[in-house]
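K.L.:
Using our numbering, the first residue of the sequence shown is number 21, and each one after it goes up by one. Just so you know, even glycine gets a beta-carbon here, dropped at the ideal spot from N, CA and C. The structure presented is a predicted model; accordingly, all values stated were derived computationally and were not measured. Take this structure, written in structure tokens, and hold onto it; I'll ask about it next.
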Amino acid sequence: MSKQFNTISEEINEEAKKQAITWQVKALTDKANRELHRPKRPTPKCHFCDAPHYSSECQVVSSKKKAKMVETKHLCQICLNRANHHPASCRVLRQTQQLCHLRKCMKRWDIHHSSLCKEDPTTPEEQLEKGIEEEMNI
Ligand SMILES: [Zn+2]
Ligand SMILES: [Zn+2]
Ligand SMILES: [Zn+2]
Numbered sequence: 021m022s023k024q025f026n027t028i029s030e031e032i033n034e035e036a037k038k039q040a041i042t043w044q045v046k047a048l049t050d051k052a053n054r055e056l057h058r059p060k061r062p063t064p065k066c067h068f069c070d071a072p073h074y075s076s077e078c079q080v081v082s083s084k085k086k087a088k089m090v091e092t093k094h095l096c097q098i099c100l101n102r103a104n105h106h107p108a109s110c111r112v113l114r115q116t117q118q119l120c121h122l123r124k125c126m127k128r129w130d131i132h133h134s135s136l137c138k139e140d141p142t143t144p145e146e147q148l149e150k151g152i153e154e155e156m157n158i
């Protein structure tokens, strides 16, 4: 009797092991399938130089030239995309880290993307202000 019980429990163990392996394999194949069918992010295209990067990350075109192109190409000066929206409803407004934080620009409510700024961020005045801000953060 006890021998039979052992066999059954062994059988159950065997079955459980098999199921565990099946489950593991299934999880792996599921993961592989997900990787395979994961929608690829569309390659960004820079509105300024047509290279495959986001306009906001463009290092090719100077900020002065960018500002001009924003006007001629009718781009949004906040998100640097095609401006079929009002700047006030631009969603980048909520991602303030992308916006220009120079005091000169903020004072005159000139809201634009940081890469588009016409002001020179390395002027002593701005550097000084930035230094003070950094000190206050510590
Ligand atoms: Zn570019
Ligand atoms: Zn925008
Ligand atoms: Zn600015």
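1) According to DSSP, simplified to helix, strand and coil, what is residue 128?
2) Please state whether DSSP places residue 57 in a helix, a strand or coil.
3) Specify the secondary structure class of residue 119 as computed by DSSP and reduced to three states.
4) In whole angstroms, give me the CA-to-CA distance for residue 146 and residue 45.
5) So which residues touch the region around ligand 1, with touch meaning a C-beta under 7 Å from any heavy atom?
6) Is it true that the CB of residue 95 sits closer than 8 Å to the CB of residue 108?
7) For ligand 2, I want to know if residue 120 counts as a neighbour, meaning its beta carbon is within less than 7 Å of at least one of the ligand's heavy atoms.
8) Beta carbon of residue 57: closer than 7 Å to some heavy atom of ligand 3?
9) Per DSSP, what are the beta-bridge partners of residue 102 in this structure?
10) Going by the beta-carbon positions, is the gap between residue 120 and residue 137 smaller than 8 Å?
11) Can you name, in chain order, every residue of its own chain whose Cβ lies under 6 Å from the Cβ of residue 159, other than the five neighbours on each side?
12) When the Cα atoms are used, what is the spatial distance from residue 92 to residue 60?
13) Taking C-beta to C-beta, are residue 10 and residue 118 nearer than 8 Å?
P.N.:
From the atom records:
1) Counted from its first residue, the sequence shown places residue 128 at position 108. Looking at residue 128 - three-state DSSP - the assignment turns out to be coil, as it is neither helix nor strand.
2) Residue mapping note: residue 57 aligns to position 37 of the sequence shown, counting from 1. If DSSP states are grouped into helix, strand and coil, residue 57 belongs with the helices.
3) The count along the sequence shown starts at 1 and reaches residue 119 at position 99. Strand at residue 119.
4) By one-based count along the sequence shown, residue 146 stands at place 126. By one-based count along the sequence shown, residue 45 stands at place 25. Unreliable positioning characterises residue 146 in this predicted model, as indicated by a pLDDT of 49, which lies under 50. A coordinate reading is not provided.
5) 66, 68, 69, 71, 73, 75, 78, 80 and 81
6) Position 88 of the sequence shown holds residue 108. Position 75 of the sequence shown holds residue 95. No.
7) As a first step, residue 120 must be located in the sequence shown, where it is residue number 100. Answer for residue 120: no, Cβ out of range of ligand 2.
8) Numbered from 1 along the sequence shown, position 37 holds the residue referred to as residue 57. No - ligand 3 has no heavy atom lying nearer than 7 Å to the Cβ of residue 57.
9) Translated into the one-based positions of the sequence shown, residue 102 becomes position 82. In DSSP, residue 102 forms a bridge with 95.
10) Translated into positions along the sequence shown, residue 120 becomes position 100. Translated into positions along the sequence shown, residue 137 becomes position 117. Going by C-beta atoms, residue 120 is nearer than 8 Å to residue 137.
11) It is not possible to answer for residue 159, since the shown part of the chain is limited to 21 through 158.
12) Residue mapping note: residue 92 aligns to position 72 of the sequence shown, counting from 1. Residue mapping note: residue 60 aligns to position 40 of the sequence shown, counting from 1. About 31 Å.
13) For residue 10 there is no data in the structure shown, the boundaries of the chain being 21 and 158.
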